[in-house]
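Engineer:
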Amino acid sequence: MPLQGYLFTYFEGSGPRDKDEQVRFGVSADAVNWSALNKNQPIISSELISGTGGIRDPHILRGEDEKSFYMVATDMSTAKNGWGHNPGIVLLKSENLIDWKHGFIDLEKVYPTKFKNVQWVWAPQTIYDPVAGKYLVYFTVKFKDDLKLDFYSAYANATFNGFENEPQLMFNPKYGAIDGDIIYKDGLYHFFFKGNTKDENGKEYKNGIRQAIGKTLQGPWVEDFNYLDAYSAKKIVVEGSSVFKLNNDDTYILMYDLYTNHRYEFQRSKDLYGFTPTPESFTKNFYPRHGSIIGITKEEAKRLNEKWGGVPEILLKAN
């Protein structure tokens, strides 16, 4: 499949939260210069797809058949409910990137035995598990009586509107973590996340993007305590890391959200271990918060443009 462009799914950070916490799309021909679709308005209303009326941290995945698309997001409206509590995940599936079937799952209600005391269910993502032949959804969980944040996972059901079984603990980083993102390369799974380091008294003194390595999605995960982003030593905070491979290139992009500095930047890598030391910035006409990127074909770009407009002309004219 000839991938010639890129699709960025994100939520906004430039306006009132009730307007920002919605799924939006941006498109690029080169993964650096971006244009918002639909004049930076939502491509689907959070009121229609979520339990809370808001979504954050959307993640998109192209299916194994190369024609289906899977999207998950945090079911959370900070505008309505603040930061104190959110128990759920939004799941969406499409065959054309335009029309989305959707469902949402409230872990507290569906799995009360294990999750009756859940406080946060954050930043879900989806990856295909070739061993199980199913799509695995993984996410950060925090319980009300525990300060630690761990990763849980569950296989999506066949219609991608819920889980097959109760989510199980997937990975518990030493000091806790959020915003997991897994990518497979050369027989290994690289599990990127926002982690931290604490002193002997439990006080955090450093945080940033780190990774763990596993041979299977079920682990075990070997945690690497080295920081990968360019800002961890400068005490400038980042979150929402996401890694994707450039089309027709052996370069990988690690991008992240500098959420207190209103910037979105990236670093490059060939092997997923070493990254370019100097971060680069996207050129864009929108203000993205935690999102993800996939490659798209010229035909898919045209379809998106016909529906919402905003696709760069260079991509529409690509050979």
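Residue numbers for the sequence shown follow our numbering, so the first one is 179 and each next one is one higher.
Backbone N, C-alpha and C fix where the C-beta goes; we use that ideal spot for every residue, glycine too.
Note that the coordinates shown come from a computational prediction; the quantities given were computed from them, not determined experimentally.
Starting from the N-terminal side, write out each stretch of the beta strand (DSSP E) that is 3 residues or longer and does not extend beyond the region 371-431.
Structural biologist: You should have 382-392, 400-402, 417-423.
Engineer: Hey, quick one: how far does the beta strand (DSSP E) through A334 stretch, first residue to last?
Structural biologist: Counting from 1 along the sequence shown, the entry for residue 334 is found at position 156. A334 -> no beta strand (DSSP E), and no H or E assigned at all.
Engineer: Residue range of the alpha helix (DSSP H) that W486 falls in?
Structural biologist: Looking up residue 486 in the sequence shown gives position 308. Per DSSP, W486 belongs to the alpha helix (DSSP H) from 476-486.
Engineer: I need the straight-line Cα distance from I391 to H368, nearest angstrom please.
Structural biologist: Here residue 391 is taken as the residue at index 213 of the sequence shown, counted from 1. Here residue 368 is taken as the residue at index 190 of the sequence shown, counted from 1. Distance between the alpha carbons of I391 and H368: 5 Å.
Engineer: Apart from the five residues just before and just after K485, which ones in its own chain have a Cβ nearer than 6 Å to its Cβ?
Structural biologist: Here residue 485 corresponds to residue number 307 of the sequence shown, with the count starting at 1. Same-chain partners within the cutoff: I276.
Engineer: Using DSSP with H/G/I as helix, E/B as strand and the rest coil, what is T291?
Structural biologist: Start at 1 with the first residue of the sequence shown, and residue 291 comes out as number 113. It is helical.
Engineer: With 16 other CB atoms within 10 Å as the buried threshold, where does I471 fall?
Structural biologist: Along the sequence shown, one-based indexing puts residue 471 at 293. Burial call: buried.
Engineer: Closer than 6 Å by C-beta to R234: which residues in its own chain qualify, once you throw out the five before and the five after it? Chain order, please.
Structural biologist: Counted from its first residue, the sequence shown places residue 234 at position 56. So the list reads F189, E199, T252, M254, once near-sequence residues are dropped.
Engineer: Under the DSSP definition of a beta bridge, which residues are partnered with M433?
Structural biologist: As a first step, residue 433 must be located in the sequence shown, where it is residue number 255. Beta-bridge pairing links M433 to S420, F444.
Engineer: If I'm right that I361 touches Y184 with Cβ under 8 Å, what's the distance once you round it to whole angstroms?
Structural biologist: Along the sequence shown, one-based indexing puts residue 361 at 183. Along the sequence shown, one-based indexing puts residue 184 at 6. Rounded, the Cβ-Cβ distance is 15 Å, inconsistent with contact.
Engineer: May I have the straight-line CA-CA distance separating T256 from A209, to the nearest angstrom?
Structural biologist: Translated into positions along the sequence shown, residue 256 becomes position 78. Translated into positions along the sequence shown, residue 209 becomes position 31. Taking the straight line from one Cα to the other gives about 30 Å.
Engineer: Less than 8 Å separating the beta-carbons of W298 and F349?
Structural biologist: If you number the sequence shown from 1, residue 298 lands on position 120. If you number the sequence shown from 1, residue 349 lands on position 171. No, they are not a contact pair.
Engineer: Would you kindly work out how many angstroms separate the C-alpha atoms of I305 and I222, rounded to a whole number?
Structural biologist: Working through the sequence shown from its first residue, we reach residue 305 at position 127. Working through the sequence shown from its first residue, we reach residue 222 at position 44. Using only the alpha carbons, I get a separation of about 23 Å.
Engineer: H237 bridges to which residues according to DSSP?
Structural biologist: The count along the sequence shown starts at 1 and reaches residue 237 at position 59. H237 is bridged to V250.
Engineer: With a threshold of 7 Å (Cβ to nearest heavy atom), would N274 be considered close to the ligand COA?
Structural biologist: By its list of ligands, the structure shown contains no ligand whatsoever, and the ligand COA lies outside what it can speak to.
Engineer: Can Y442 and L436 be called in contact, C-beta distance under 8 Å?
Structural biologist: Within the sequence shown, the letter at position 264 stands for residue 442. Within the sequence shown, the letter at position 258 stands for residue 436. Closer than 8 Å, so yes.
Engineer: Taking the straight line between their C-alpha atoms, what separation do you get for G191 and P236?
Structural biologist: Here residue 191 refers to the residue found at position 13 of the sequence shown. Here residue 236 refers to the residue found at position 58 of the sequence shown. Each residue's alpha carbon lies about 13 Å from the other.
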